[in-house]
Each structure stands twice: as C-alpha cells, then as structure tokens.
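Chains as they are written, first to last, in my numbering: chain A, 1 to 168; chain B, 1001 to 1767.
Glycine included, C-beta positions come from ideal geometry on N, C-alpha and C.
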C-alpha cells in the first residue's frame, strides 16, 4: 500500500487563552490533537468513545468529551483545559478544595471532574448535592466513590460565593 | 527507643503530596510521557477463544512504509516460561504457571496476543495489524469450569489437565457437625467476571539507555517484573530497569505483567524508544478479570444460633492461563468460613482452566467471593431460626485469641461486635415506604487479610536520609497506585523526625535507584514499607538525638524532635535546631541515612493440598450496613444508605483511610448490582464502559465511614491495611437488604433489575 498524501489543514485552536496551531486531518479528534500534537497531556484519554469523561474540556464554557469532538469543530472556540483553570501560583478554588478534601486518589479522572464542576459553578453558583452529582455524572471515578469529589465541589461553591459577595 | 509522646501528624486528615500536581494536571502518567524518535507499538489479538494457528504471514505488514518491526512467537528469545508471577519464593504445589508472551501454534482465549508491531505512527501501526495474515482453525473450546473438569473436556493447554489446583481445609468432623445442627441451610451462589475498570488503560514507554539497559517507564503495581522481562529477552536481570509511574488506578489489574514484555521486545529489536498504550476495548478484552466462582454452601446451627458446621465447595474459573489463580483460591479457602466460630468445617476448592479471559488479582483477592456466600448464609440461618441477623452474628463472631478453621490463632484485635454496632446504628431512622418502593436493610461483615502469605518471606526496604539543610529524602521502590502509598510514608517520617511534610521528598518505584519494596498488592504497602520506613526514620532519629544529647549534655531519652528542633521533654526549655545537630553529625562522620529492611514474620506451610496453620500476618475486620429502596415493578434498586465501619488499627492519614473505605464501598456496590463482564462462549460481550457498568455519581449514596482504632494492627503505629478489605462485605450487605425489602434472595451477582423482576414473578407464581 502506498502512503496517501496527507489530507488536512492547519487549524488554529484557542487553548487556555493562547492561540496554538496544528496540522489536522478531517477525522482527527480534538483529544488526539491536544494530546499528541500540542502536548496538552493534562487532557486524559480513558476510553476514546465518550463513555468515561476523562477527556472533558470546556468548549466555549460547555463541558464536552474531547474524544467526541473533531479538531475542525473546535476552530474559533475557546478551549479550557485543567491547566487553564489554575496554575501552581494561582490555583482555582476548585483545585484547592479537591486537594484539601482528599478528593484525589489516582487522579486520572480529576482534570475532567474539575472542568465539569467549573462549568456547573459558572451556570449555577449555588448547586445542591443532586445538581453536583448530575453535573459530574459523565465523569467516571473508580477510586473515590465520588463523596469527597462532591464535598469538594460543594465547598468550593461556597468559597466562590463568599469571594463574589466580598467583591460586591 | 525514644517513643513519641504525642502524635502530631499521624491520624490527622492531611492532603497528600501528590494531590497538588494531580489537581493541576501536571502528573506525568505513563501515556503522557514521550521521547524523541519514539515508535508506537500495537498488539495483534486473537479473534477466537480457541483455535489452532496454521500460519502467520507478516510480510505485507513488514512492507508497509513506516513499519519498523513485526514480531511473532518465533522472535521472542524465551517465549514460554514457568513462572512464579513475580514471586521470589519457590513454592511448588501448583503455584507456578505458564507465562507465554505471544501465542504460538494455538490461541487459548479471545484477545490473546499473537503478534507485535512497532511503527513510526500509531496510525501506521494500526494499519499494519490489518495486514498481518493469520490462518486460524477454530477448535472446540470449554467455557464452563464444571464442564472443564470432566475427563473428556477439551484441554485448554494440550496434554495438561484443566484442573490447576485443589485445596482443602478440614476442621473437626463435618458429619458430626451437621448431626448436631437443629437447622441447616444449603444454597449455591455464583459471582461473575469483573473488570478493574481503572480509568487509565495499560501503558508504558520503553527505551535503551546509553549504557544498553532496557528501561521501561510503565503504569504498574509491580516494578519487580523486571526479572521476568529480562528472562524473556535472555538478558541478565540487572540489564532491565523498570520505572513505575503514578498509576491511574490498579485494583490488581496491573499486578501481572501488562505491556512491559511487549515494550521490551519492541525496543530491543528496533533500538528505538517505543510507546504502547492499550485501547479501552483491548484493556477489557485482554487483561485479567476477577474470578467467577460457583460456591455450594451448607451451614448448620443450633436453635440458639450457635453454628455447628460449615461445608463449602468453591470452584473458580481461572480462564485460559493460570496467573494468580491458585493464590486467589488459597485466600478464599482461608476466608471461606468467615470470621465465625464453627467447630466443624470442611472446605474444598479448585481452580480450573477454561477458554475464557484469564483471571487473576482484583481488589479483595479471593475474599469478596466467599463473603457473598457466607454472609448470605448467615441471614438465611437467621430467617430460619427467627433470629435477628445481628444477634446470630454476634453469637458466633470469633474473638482475639481464637482460631480460624485452618488453626491460625487470631493474635490481634477482632473488633467485629464494635463494627457491627457502629454500622447498624449509623443507618438511623428507616426511610418511609411509598408506592412500589420497598425499603430494606441489610448488614454483612467480612475478614480480609493484609500483607502477603507468611510462607513467602516477604520483605520491604526503605531509605531515609536527612540532608545538610534539614530536609528529608525517602527512597523506596513503592508503586503508588492512588491509595496514598507514597504519601503515607512521608507522614510517618514527618512524625518521627519532627519535620514539616513540605520538607520531605519521596522518590519511588525505580528498580535501578530505589531499594526494592515489593509489590503494591495484598494491601501490604503501608504494613510492609510503612514499617521499613518507620525503622529507617527511627535509626536516623536515634543518631540525631544521641548527638544532640552530647551537645546539650543531656540524656537522649529526654529529647524529642519537634518542629525542626531538638527539645527537652522535661521542660528545661533547652533546645537546638535540627540543622545545627545535622551539621555536627555530618562533620563527625555520622551516617545521616539508614536503609531498613522489614521482614514479615515467616511461618512455613507444610503442604499445600490441605491448608493448615498460619497463612497471613493479620486480618482486617469490618462491617457494611445498607439501606435500599427496591421498586417492585421495575426491579430497580437504589442504595439509599451505605455505612462502612472498620477497625483500621490506626489511621495514618485520616483522609486517605476514609477515601479507601468510601471508594471500596462503591467498588463493592458495583460488584453487587451492576458489574459483570459477560462472556458467551469465550467472547466478551461487554468491551466498553457503556456496556460494563461501573457506578456513576448518580448511582451512589454518600458513603458514611466510621473508623475504629484498636491500635492493634501489625503496621506502623498499630495500623491495619484497608485498601482491599474495604470492598469485601458490600455485595452481601446489599443482597441482604434487598431480601429484607422484598423477601427474595438472589443467589447470583450482580443483582440486576431483571433478576429481581424474575424473582418477584416466580414468587407470585408459586403462590
């Protein structure tokens, strides 16, 4: 079999506030491009078919499985990964609470959990536990039994609300 | 030794050192790592569960541009070996099994590795797999362990019996026991294949370093497979190095070799770095599963509830290769009578090869299967005797100083009465019943060993040093699989040396650089490496305090290390900074480090067919209590409350212990209600996470944990292990609760809605 000429185009992706370019094929998933072409290995692959939520990112603020989005479809949209959520110098309150509450064991699902939680709190700053459960229902975790993850999100929402009311 | 008077760190809920990196997305898991010039590996898997390989033609694949190598069985220096699966101790007694790297002549289960490819891109490697031509001649297979035991059954490994091992445990006289019984209950229980379903599939990268050493950076529970890998390549053991990454979930599924040998072969043959990561489907098809068991139980009791006899027959499906099946069965044998005082016991067990996916370690390692049976039996007995299920348990629970059926004396606390009361009372007020919803409550207790079998001569090593600036380094070959295995060691050292956690750096899991600490399996790391690290830290402490005593002209016994200072416990107010003492020690040439070796107590098992005497260092005991709502119309079960009450000995890090108990409870809930790898004539019907159903956040209650700290474990500070015990008794507790709600007992896991609806229908028809 002869190698086909590479079909595709250069795609500009806005990741964590910065523009990054990658040559992408039409059928290539956003997850594949993020991990293998742009070194965003903070986005995890757990199943590659939308079952586990490990590869969750925010696309224009909406949580999506990046394994189910084509790179082409993400062009021009804002992509947020866990590295854009917070940095070692400036951790997001959700990240801090996940650490403090012991919500992290093996940690593999955590980038996805955090982004689903962030999307929830953006929409609903005062979620009840049921709403939190629903928001992370697409993010499987095999280690924690979810309790400490839900606790952490609940606590972070309270902290964020306090911060907001302080600002007012 | 100078004991700490008041614990400052041990027992507190403190975040782990690795949590920050994980929250920030900085942790470099196995597949996150790449190297310049790296190739991508892929594995060709058998499409048949049982077939002869007539020929393999790799020429087309080899000619594909970008393919660097295609390997089959003939290319593997040592393709077959009789292995002890990472164990160093020669056992005999059916503990050894065949390790075959690539299928040769025959395939024995669907998904068995047949060929390996390395190519410039993953896409090319995948295409190359499609170009390998394998001619199979399908053969009759055997998929049921009972069928497989028959003399005329097809042999999974030609020329060998399908029966891998047979064990028995005998205590007293079983006929006498049943003749003394006023009531007897007899039932058969079945439990399914279970997948570990860690979020991170098997993965690693291998390369040859500048010195010619094959180096494998891999997600594993056992770095010490470097020996097995070296044997496959025909290299000396010291020419293979394994570096363990922070693991994205293990649960026993990364205890056996996964990608290591394949990676080593591909890098060895190409001279290039190679990455190999399984797809999710490949992971579910090809790695080990929890053993399905068929368990025939007969239990007898007196009118007053005292047990007189327990007879059980356990048959486990080993799948197509032996792996750890005999070990898992041995655990089940010891646990099969449960934590109960029974004068007459007879247990028979065997494990049998079939053409199903092979089975091996899975969180609990042979303890959860019999627990489902013996705890269901206890409730059935209670029902027959019209007794309270808690009362009948309390009458029969073993106590410290009493013996298991094998004769092993329980030398440490058995806090089952406390865990039972704790779990039950936490259920609180019963939820109100409405419409079709029936509310039921159930409880089950369990015993699970921690630490490996005592005849294995288990050891762990740990190195602790104090640097010139007072910071501390730990080096130990511990694999961290998410349970906080590494960070607990930091907590122990921080306590002993009086330094803050931030000042401690732990290096783990590198066969070339860290002293070997054994496997992260068998709930043994806190026990084994915790003790080794404690010993090492205590030696360093001794050196520091002795020198400080000289400097302060005081008896070292009076001194303590607190907040980076040496202080006088008797309140003279005199102190020295840790740094000062370290500097003087260094200039005096004193060793500011220690490598400790912790050896588990050894006792020999005289023979393996009939198991007698001590098998484990200690056990962890606990109770799960559950409240469920069962919809009688749809059969849907909702777990409303789930309480996990355990004697943890002592909590080293409260957050980690709670996390283990919470996660273990939900792992056990999945076992009870939804999880089953369905195999039909050897073909996996559930190869994805939308077919193999692990609990989601919508399925779970808030698990409530209650820690009892007897301080009587054999781990550091009296800790017991909890990682695996936390799973053991959840499924029977749920089953007992369902039975309480609707009066129907389901004898097969998982207890799906279909089984409940069928049960309700059958009950109505009987009426």
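- Taking 8 Å as the upper bound on Cβ-Cβ separation, chain A lies near residues 1279, 1280 of the segment 1278-1291 of chain B.
- For the segment 1019-1047 of chain B, the set of positions with a beta-carbon nearer than 9 Å to some beta-carbon of chain A reads 1019, 1020, 1021, 1022, 1023, 1024, 1025, 1026, 1027, 1028, 1029, 1031, 1032, 1033, 1034 in chain order.
- Proximity of residue 18/A to chain B, defined by a Cβ-Cβ separation below 8 Å, is not satisfied.
- Residues of chain A whose Cβ lies closer than 7 Å to the Cβ of residue 1665/B are, in chain order, 145.
- Residue 1398/B is not a Cβ neighbour of residue 1381/B, given a cutoff of 8 Å.
- Your pair residue 1687/B and residue 1281/B checks out as a contact, with CB atoms roughly 5 Å apart and the cut at 8 Å.
- Burial check for residue 166/A: the Cβ neighbour count within 10 Å stays below 16, so the residue is exposed.
- DSSP places residue 1730/B in the uninterrupted alpha helix (DSSP H) bounded by 1730-1742.
- Distance from residue 1250/B to residue 1391/B at the Cβ level is roughly 39 Å; contact not present, criterion being Cβ atoms closer than 8 Å.
- The C-alpha of residue 128/A lies about 10 Å from the C-alpha of residue 150/A.
- Within its own chain, the residues whose Cβ lies closer than 7 Å to the Cβ of residue 1529/B, once the five positions on either side in sequence are excluded, are 1460, 1462, 1476, 1478, 1489, 1517, listed in chain order.
- Around the beta-carbon of residue 1121/B, fewer than 16 other beta-carbon atoms lie within 10 Å, marking it exposed.
- Of all residues in the segment 58-82 of chain A, the ones placed with a Cβ closer than 8 Å to any Cβ belonging to chain B are 81, 82, in chain order.
- Under the Cβ distance rule, residue 1011/B does not count among the residues neighbouring chain A, no pair being separated by less than 8 Å.
- Shown here, residue 1309/B sits in a strand according to DSSP, grouped into three states.
- In the structure shown, residue 1517/B falls within a coil segment according to DSSP collapsed to helix, strand and coil.
- In this structure, residue 1679/B and residue 1178/B do not form a Cβ contact; the two beta carbons are roughly 36 Å apart against a cut-off of 8 Å.
- The C-beta of residue 1481/B comes closer than 8 Å to at least one C-beta of chain A.
- According to the DSSP secondary-structure assignment, residue 1395/B is paired through a beta bridge with no residue.
- Runs of the beta strand (DSSP E) lying entirely within the segment 1585-1609 of chain B, each at least 3 residues long, are 1593-1599 in chain order.
- Rounded to whole angstroms, the Cβ separation of residue 7/A and residue 26/A is 7 Å, and the two are in contact under 8 Å.
- With 16 or more other Cβ atoms from the protein chains shown falling within 10 Å of its own Cβ, residue 1100/B counts as buried.
- Residue 159/A is positioned such that its CB atom lies closer than 8 Å to that of residue 93/A.
- The beta carbons of residue 1353/B and residue 1164/B sit about 6 Å from each other, so the pair counts as a contact at 8 Å.
- The contact set of residue 23/A on chain B, defined by CB atoms closer than 7 Å, is empty, because the minimum CB distance reaches about 13 Å.
- The C-alpha of residue 1458/B lies about 7 Å from the C-alpha of residue 1452/B.
- Under DSSP, residue 1207/B forms a beta bridge with 1215/B.
- For the pair residue 1712/B and residue 1412/B, the CB atoms are nearer than the 8 Å cut-off.
- The C-beta distance from residue 1241/B to residue 1262/B rounds to 17 Å, too long to meet the 8 Å contact threshold.
- With contacts defined by Cβ atoms closer than 8 Å, residue 1206/B and residue 1267/B form a contacting pair.
- Taking C-beta separations shorter than 7 Å and ignoring five residues to either side along the sequence, the partners of residue 1012/B in its chain run 1654, following chain order.
- When C-beta distances to chain A are compared with 7 Å, the residues of the segment 1675-1696 of chain B below that value are 1688, 1689, 1690, 1694, 1696, in chain order.
- Counting C-beta pairs with one atom in each stretch, the segment 1374-1388 of chain B and the segment 1317-1324 of chain B have fewer than three that are closer than 8 Å, which means they do not touch.
- Contact annotation, residue 1663/B with residue 108/A: C-beta distance approximately 13 Å; criterion of less than 8 Å not satisfied.
- When Cβ-Cβ separations below 8 Å define contact, residue 1556/B makes no contact with chain A.
- Interface annotation, residue 1360/B: not in contact with chain A, CB-CB separation never under 8 Å.
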